[in-house]
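Comments concern the structure below.
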Amino acid sequence: MPELPEVEAYGRRIKDGALHRTIETVTLGNDTKHVELPGPEDRARFEGHQFTEVRRHGKYLFAGSATGPWMALHMGMAGSVRVYDAEDGNPDYARLIVAFEGSRRMAFRDPRKFGWVKYVDTPETEIEARELGPDALDLDADGFANRLEGGRGAIKSALMDQSRLAGIGNLWADETLYQTGIHPATKIPELSRDDISGLHKASDRILRGVCDVDAHYRELPDAWLIHRREEGYACTRCDGSIARIKVGGRSSYFCPKHQVEAA
DNA sequence: AGCGAGCCCTGTATGC
DNA sequence: TGCATACAGGGCTCGC
Numbered sequence: 387m388p389e390l391p392e393v394e395a396y397g398r399r400i401k402d403g404a405l406h407r408t409i410e411t412v413t414l415g416n417d418t419k420h421v422e423l424p425g426p427e428d429r430a431r432f433e434g435h436q437f438t439e440v441r442r443h444g445k446y447l448f449a450g451s452a453t454g455p456w457m458a459l460h461m462g463m464a465g466s467v468r469v470y471d472a473e474d475g476n477p478d479y480a481r482l483i484v485a486f487e488g489s490r491r492m493a494f495r496d497p498r499k500f501g502w503v504k505y506v507d508t509p510e511t512e513i514e515a516r517e518l519g520p521d522a523l524d525l526d527a528d529g530f531a532n533r534l535e536g537g538r539g540a541i542k543s544a545l546m547d548q549s550r551l552a553g554i555g556n557l558w559a560d561e562t563l564y565q566t567g568i569h570p571a572t573k574i575p576e577l578s579r580d581d582i583s584g585l586h587k588a589s590d591r592i593l594r595g596v597c598d599v600d601a602h603y604r605e606l607p608d609a610w611l612i613h614r615r616e617e618g619y620a621c622t623r624c625d626g627s628i629a630r631i632k633v634g635g636r637s638s639y640f641c642p643k644h645q646v647e648a649a
């Protein structure tokens with residue numbers, strides 16, 4: 387689940403339940419052998435501090451404060467954040483647990499172990515080090531077009547390229563292309579200005595829409611692709627049916643009838 | 001530059 | 001029920 391809107395939802399959980407509470411301990415959870423997590427010294431840096439601020443850049447989440455340490459989190463393919471109380475017990479697949487004074491807890495969960503957590507001085511240094519592009523929701527139409535400029539490859543790969551713009555992954559790239567009527571393998575130079583502007587409008591609308599429902603997919607409009615990412619399902623925009631191809635090595639669901647590749 | 005392949009590790013769904 | 005296989009929303013590295 388962890389693309390921009392899902393990560394935004396995890397950030398909201400922290401804001402709603404874990405801010406302005408003094409951190410007592412940061413401990414490892416279960417089965418952490420293959421998970422990249424802060425060592426004892428870095429974990430200890432958080433003790434006595436509070437998270438007063440949560441920031442998200444693309445798919446990266448940061449919790450910290452103006453004067454204290456920052457915790458950077460990346461969800462990988464299946465990670466999530468949960469805020470709960472000690473008496474509820476730690477959630478499954480909890481890899482890192484932040485214990486605040488009282489009983490409040492925050493866990494980084496990651497069944498597939500592709501995610502990570504680390505100590506960072508500031509979010510900015512981490513964003514810079516990873517060469518992330520601007521957050522997808524911070525781009526206006528011109529900015530969006532500028533970030534795609536110069537690309538010669540498939541539009542879907544560019545939308546998912548975190549150094550061009552940060553936050554869009556496989557799901558919402560497919561959704562954006564579906565709603566714009568553009569084939570995922572279309573080369574960028576073949577797109578018109580209107581195509582690019584349409585992609586910007588769609589991605590903005592989609593990402594905000596998913597944020598608005600806290601990434602609860604069932605609350606999204608019935609006509610969206612998200613509800614029919616299966617080969618053979620009926621398209622909601624024409625009488626085509628959903629197909630799957632590989633673009634940039636990733637499964638891409640689309641409607642071959644209304645998402646036609648330029649000749 | 002951009003692409004595909006391979007890889008990281010594990011849960012879930014499917015087919016036999 | 002058990003077992004094998006394919007697949008999953010991310011991202012890194014390598015070689016062409």
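Numbering of the first sequence is given in the working numbering, commencing with residue 387 and proceeding in unit increments. A virtual CB, placed ideally from N, CA and C, is assigned to each residue, including glycine. Every value quoted in this text rests on a predicted model; they were computed, and no experiment measured them.
Check your understanding: Enumerated in chain order, which unbroken segments of the beta strand (DSSP E) with a length of 3 residues or greater are wholly contained in the region 483-561?
Key -> Listed in chain order, they are 490-495 and 502-506.
Practice item. State the DSSP-derived secondary structure class of G465, mapped to helix, strand or coil. Key: Coil.
Point to revise | Simplified DSSP state of H586, which is helix, strand or coil | key: Helix.
Review point. Residue range of the beta strand (DSSP E) that G450 falls in?
Key: First-last of the beta strand (DSSP E) with G450: Y446 to G450.
Review point. Hey, quick one: how far does the beta strand (DSSP E) through V412 stretch, first residue to last?
Key: I409 to L414 is the span of the beta strand (DSSP E), which, as asked, contains V412.
Review point. Which value, in whole angstroms, describes the spacing of the CA atoms of G415 and A485?
Key: The alpha-carbon of G415 is positioned some 12 Å away from that of A485.
Review point. How far does the beta strand (DSSP E) with I631 in it reach, from first residue to last?
Key: Segment A629 to V633, the beta strand (DSSP E) holding I631.
Review point. What residue does the beta strand (DSSP E) around Y639 start on, and which one ends it?
Key: Here the beta strand (DSSP E) through Y639 covers R636 to F640.
Review point. Which value, in whole angstroms, describes the spacing of the CA atoms of C621 and D507?
Key: Between C621 and D507, the C-alpha separation is close to 47 Å.
Point to revise | Supposed contact pair V633 and P575 - C-beta distance, whole angstroms, cut 8 Å | key: Incorrect: roughly 16 Å between the Cβ atoms, too far for contact.
Point to revise | For V596, the three-state DSSP class (helix, strand or coil) | key: Helix, per DSSP.
Practice item. Let me know the secondary structure DSSP gives R579 once reduced to three states. Key: Helix at R579.
**Study point:** Three-state secondary structure (DSSP) of Y603
**Key:** Three-state DSSP puts Y603 in a helix.
Check your understanding: CB-CB under 6 Å to V440, same chain, minus the five flanking residues each way: which ones, in chain order?
Key -> So the qualifying residues of the chain are G397, I400, K401 and A449.
Practice item. Report the three-state DSSP secondary structure of A480 (helix, strand or coil). Key: DSSP places A480 in strand when its eight states are reduced to three.
Review point. In whole angstroms, what separates the C-alpha of E531 from that of G488?
Key: Note that residue 531 corresponds to Ala in the displayed sequence, not to Glu. The alpha-carbon atoms of A531 and G488 are separated by roughly 49 Å.
Practice item. Mind checking who A458 pairs with in its DSSP beta bridge? Key: According to DSSP, which records beta bridges pairwise, A458 is partnered with F448 and K504.
Practice item. Tell me V421's beta-bridge partners as DSSP assigns them. Key: DSSP links V421 through a beta bridge to no other residue.
Practice item. Check whether the Cβ atoms of R495 and P477 sit closer than 8 Å, and answer yes or no. Key: Their beta carbons are under 8 Å apart, which means R495 touches P477 by this criterion.
**Study point:** Distance, S589 Cα to L525 Cα
**Key:** Going by the C-alpha atoms only, they are around 10 Å apart.
Check your understanding: Does the distance from the CB of L563 to the CB of K542 come in under 8 Å?
Key -> At the C-beta level, L563 and K542 come within 8 Å of one another.
Practice item. Starting from the C-beta of A609, find all residues in its chain whose C-beta is less than 8 Å away, skip the five residues before and the five after it, and write them out in chain order. Key: The residues are T622 and R623.
Practice item. My understanding is that T411 touches E433, with C-beta atoms under 8 Å, so please give their C-beta distance in whole angstroms. Key: The Cβ separation is near 6 Å, so the contact holds.
Review point. On the three-state DSSP scale, how would you describe Y564?
Key: In this structure, DSSP gives Y564 a helical state, which the three-state scheme calls helix.
Point to revise | Residue interval of the beta strand (DSSP E) (run including E439) | key: Note, E439: beta strand (DSSP E), E439 to H443.
Exercise for review: Starting from the C-beta of L611, find all residues in its chain whose C-beta is less than 7 Å away, skip the five residues before and the five after it, and write them out in chain order.
Suggested key: If we look at L611 and ignore the five residues flanking it on each side, its Cβ neighbours are D560, E561, Y564 and Y639.
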